[in-house]
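So the protein lines, in turn, are chains A and B. Just so we're aligned: 178 in my numbering is position 178 of the first sequence, and the numbers increase by one with no gaps anywhere. Just so we're aligned: 1121 in my numbering is position 121 of the second sequence, and the numbers increase by one with no gaps anywhere. Where is the CB? At the ideal position from N, CA and C, for every residue including glycine. The model shown is predicted, which means the values in this text are computed figures rather than measured ones. For reference, the structure discussed in these notes is given below.
2 protein chains.
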Amino acid sequence: MRKRDINKEIIIREKAIEMIVHQGFDGLSMHKLAKASGVSVATIYIYFKDREDLIQSLYTEETKKMAEATLVNFDPESHFDIGLKVQWRNRLKYCLENPYSMTFMEQVKHSPLIDRSVMDRRFLDAMSKFVHTAIERKELIPLPVEIYWSIAFAPLYQLVKFHISKTSMPGREPFVFNDERTDQALSLVLKALKP
Amino acid sequence: MRKRDINKEIIIREKAIEMIVHQGFDGLSMHKLAKASGVSVATIYIYFKDREDLIQSLYTEETKKMAEATLVNFDPESHFDIGLKVQWRNRLKYCLENPYSMTFMEQVKHSPLIDRSVMDRRFLDAMSKFVHTAIERKELIPLPVEIYWSIAFAPLYQLVKFHISKTSMPGREPFVFNDERTDQALSLVLKALKP
DNA sequence: TATAACTAAACGAACGTTCATTTATATTTG
DNA sequence: CAAATATAAATGAACGTTCGTTTAGTTATA
């Protein structure tokens, strides 16, 4: 029995994400993907049931990678200020080191027909515990979780998008991340969320 | 000489946006769009140069509509608290009354190959003046515009997405907007941005 | 030698776009 | 006023291409 060449799957995944990032879902065709990956079209169907399964699988895997990166050095029991800072640092690091992954996921999140409900249990539990502990300790004001999330993280992702797109606001030079700006934004968020 | 039936263009635009919202850019084909609009394929090419021009035109028009809606009753000279509240109210109103338009624009914004630099001059000028006046009057702390934007509006749009998608955070009942929640979120944003 | 990995070629369907023709109507003509 | 004319709107059929997927056959290795 012949062994699978796992490099094949890896390169297919990479090229697929590249194609989607550069040309959108429109631009991802199985023929073009096969050619770009140096592989026969039929080979793709060994690793993925069909085109939809391919995209879904990409999303699931990238989501998992990001969730893992987000939890590095994160202690749900830590003080709210510290925990949120670690979260910001981890998410920022992942996004800047994996801009294709980030851009791909953003595209999926804003397009229909893909199941976005896949979420790592460990990740959700850690997040939930962190927030509830912080509220109990009065380090965070009590809030509906969506409002908390929208203020704690939406600004960060917006800034990442500014940074990655390099377009910034029209007519200005691009926004680039640095420690000072990150700290400034984070401190404003903390100001909003703390009692 | 025969007159154009402007209803045709309107219905083509509507159906195109519907198709993109429900089936993504993948799902928008000229044949299907023609059928859905009750029109011949060739007719679409009277109103739009090609598929790309169609999508670009949709985006330009929807952007313009939203910019106009955003400026209703907005006075760039007003106090920062008031101005931001009007902005929130206007954007929220537009998004909730035109969820297709909003969802379509979010999809375009997160997909490549479309020129997103089209922006209404009047809109940009009003925004710019509003921010600078507020900083001068010390009603708003001095900030890079991207950081200001990310904190002032990213949370609002994230909440709109929660509301529209009805998926909310996994495993919970959907987030629904009401005046109390809007005011709560806005007051946190103001807390972050005010000196 | 058995078996799964892998491939090239082929399938019908659907794609974006064009073209030759018909239809409707504003304008000109009688 | 009605008939003729001009012209752009509108069409259905057709174009060649590319699409997602399958199939029949080959290759590598446990």
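(Q) Residues of chain A with CB closer than 8 Å to the CB of B:E1106, please, in chain order. (A) Within chain A, the residues near B:E1106 are H110.
Q) Three-state secondary structure (DSSP) at A:V189? A) A:V189: helix per DSSP, three-state reduction.
Q: Compare the C-beta of A:L140 against all C-beta atoms of chain B and say whether one is closer than 9 Å.
A: Chain B contact via Cβ: absent.
Q. With 16 other CB atoms within 10 Å as the buried threshold, where does A:G38 fall?
A. Taking all protein chains shown into account, A:G38 has fewer than 16 neighbouring C-beta atoms within 10 Å of its C-beta and is therefore exposed.
Q: List in chain order: all unbroken alpha helix (DSSP H) runs of 4+ residues lying wholly within the segment 55-118 of chain A.
A: Listed in chain order, the complete alpha helix (DSSP H) runs (minimum 4 residues) inside the segment 55-118 of chain A are 80-97 and 99-109.
(Q) Taking 6 Å as the limit between beta carbons, can you name the residues of its chain near A:P142, skipping five residues before and five after? (A) Contacts found: I135.
Q) So, is the C-beta of A:E146 closer than 9 Å to a C-beta in chain B? A) Residue contact with chain B for A:E146: present (Cβ-Cβ distance below 9 Å to some residue of chain B).
Q.
Helix, strand or coil for B:G1027? Go by DSSP, reduced to three states.
A. Three-state result, B:G1027: helix.
Q.
Against chain B, with Cβ distances strictly below 9 Å, would A:G83 count as a contact?
A. Output row for A:G83: interface = no.
Q: Measuring only between beta-carbons, confirm whether A:S204 sits less than 9 Å from chain B.
A: Any property of residue 204 of chain A remains undetermined from this structure, which presents chain A solely from 1 to 195.
Q) Skipping 5 residues on each side, what residues in its chain have a beta carbon closer than 8 Å to that of B:E1009? A) Non-local C-beta neighbours of B:E1009 in its own chain, meaning closer than 8 Å and more than five positions away in sequence, comprise Y1047, ordered along the chain.
Q | Reference B:A1036; option with closest CA among B:E1052, B:R1013 and B:R1051 | A | Selected option, being the one with the closest Cα: B:R1013.
Q. If we cut at 9 Å on Cβ distances, does A:Y59 have a partner in chain B?
A. Not closer than 9 Å to any Cβ of chain B, the Cβ of A:Y59 fails to qualify, so no.
Q | Interface residues of chain B facing A:F175 [CB-CB closer than 8 Å] | A | Ordered by position in chain B, the residues that pass the 8 Å Cβ test against A:F175 are P1144 and E1146.
Q. For the segment 182-193 of chain A, which residues have a beta carbon sitting closer than 8 Å to at least one beta carbon of chain B?
A. Those residues of the segment 182-193 of chain A that come within reach of chain B (Cβ to Cβ, closer than 8 Å) are Q184, A185, L188, V189, K191, A192 and L193.
Q | Environment of B:L1193 [buried if 16+ CB atoms lie within 10 Å] | A | By the 16-neighbour rule on beta-carbons within 10 angstroms, B:L1193 is buried.
**Q.** Reduced DSSP category for B:M1001 - H, G, I as helix; E, B as strand; rest coil
**A.** It is coil, neither helix nor strand.
Q: Check the Cβ of B:Q1023 against every Cβ in chain A and list those closer than 9 Å, keeping chain order.
A: What B:Q1023 touches in chain A: P112 and L113.
**Q.** For B:K1008, the three-state DSSP class (helix, strand or coil)
**A.** Residue state, collapsed to three classes: helix.
(Q) So with CB distances below 7 Å, who are the chain A contacts of B:D1026? (A) Residues of chain A with a Cβ closer than 7 Å to the Cβ of B:D1026 are, in chain order, F25 and D26.
Q) Taking Cβ-Cβ distances below 9 Å as the criterion, which residues of the segment 68-100 of chain A are in contact with chain B? A) If the cut-off is 9 Å between Cβ atoms, the segment 68-100 of chain A has nothing near chain B.
Q: Output the distance between the C-alpha atoms of B:S1165 and B:E1097, rounded to the nearest integer angstrom.
A: Going from the Cα of B:S1165 to the Cα of B:E1097 covers about 14 Å.
Q | Proximity winner among A:F74, A:H79, A:I17 and A:S78, relative to A:R89 (alpha-carbon distances) | A | Nearest to A:R89 by alpha-carbon distance, out of A:F74, A:H79, A:I17 and A:S78, is A:F74.
Q. Whose CA, out of A:E180, A:Q158 and A:H132, lies closest to the CA of A:H229?
A. Nothing in the structure corresponds to residue 229 of chain A, since chain A is present only between 1 and 195.
Q | Contact belief for B:F1177 with B:H1163 at Cβ below 8 Å, rounded distance in angstroms | A | About 5 Å; that satisfies the 8 Å criterion.
Q) Can you tell me the Cα-Cα spacing of A:M119 and B:F1025, whole angstroms? A) Answer to the nearest angstrom: the Cα atoms are 25 Å apart.
Q. Beta-carbon of B:A1016 versus every beta-carbon of chain A: anything under 9 Å?
A. Cβ-Cβ to chain A under 9 Å: no for B:A1016.
Q) In chain order, what residues of the same chain lie with their CB nearer than 8 Å to the CB of A:L140, ignoring the 5 residues before and after it? A) Cβ neighbours of A:L140 beyond the five flanking positions: F80, V131, A134, Y148, L193, K194 and P195.
Q: Indicate the three-state DSSP secondary structure (helix, strand or coil) for B:S1168 in the structure shown.
A: With a pLDDT of only 45 at B:S1168, under 50, the local geometry of the prediction cannot be trusted, and the value read off the model is given with reservation. Here DSSP, grouped into helix, strand and coil, assigns B:S1168 to coil.
Q: Within 10 angstroms of the Cβ of B:P1155, are there 16 or more other Cβ atoms? Answer buried if so, exposed if not.
A: Flag for B:P1155 reads buried.
Q.
Out of B:Q1056, B:V1108, B:R1002 and B:L1092, which one is the CA nearest neighbour of B:A1069?
A. For B:A1069, the nearest C-alpha among the options comes from B:L1092.
Q.
The alpha helix (DSSP H) that contains B:K1129, what's its start and end?
A. In the DSSP assignment, B:K1129 falls within the alpha helix (DSSP H) that extends over R1121 to E1136.
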